[in-house]
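A quick write-up on the structure given underneath.
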Amino acid sequence: MDFEKKLSRLEEIVQKMERGELALDESLKLFEEGVKLSRDCHAQLTKAEAQVKKLISVDDKGQAVTEDFNSDET
Numbered sequence: 005m006d007f008e009k010k011l012s013r014l015e016e017i018v019q020k021m022e023r024g025e026l027a028l029d030e031s032l033k034l035f036e037e038g039v040k041l042s043r044d045c046h047a048q049l050t051k052a053e054a055q056v057k058k059l060i061s062v063d064d065k066g067q068a069v070t071e072d073f074n075s076d077e078t
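Number 60 in my numbering belongs to position 56 of the sequence shown; there are no gaps in the numbering.
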């Protein structure tokens, strides 16, 4: 499952749980699925961040120059 689908499913789970209409068993199953999806998404974002660092620039000697990824900048 790609990142966008995982994130969409995670949002769906959050909405269902926030309604408070689920039985305990169903809530636990969804919570477990949500935690797994959250971890998977985090891992994918971490990997993407590492790729961004590698692609920032190359110096005049052909060496990669990395800069810390700053999510606060727009």
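We treat Cβ as the ideally placed atom computed from N, Cα and C, and that holds for glycine.
Worksheet item: Taking the C-alpha atoms as reference points, what is the distance between residue 32 and residue 52?
Response: 30 Å
Practice prompt. Mark residue 59 as exposed unless 16 or more other C-beta atoms lie within 10 angstroms of its C-beta, in which case mark it buried.
Written response: exposed
Discussion item. What does the Cβ neighbour count give for residue 36, buried or exposed, with the cut at 16 atoms within 10 Å?
Written reply: exposed
Practice prompt. Round the Cβ separation of residue 13 and residue 41 to the nearest angstrom and send it over; I've been treating them as touching at under 8 Å.
Written response: 6 Å
Worksheet item: Does DSSP put residue 52 in a helix, in a strand, or in coil?
Response: helix
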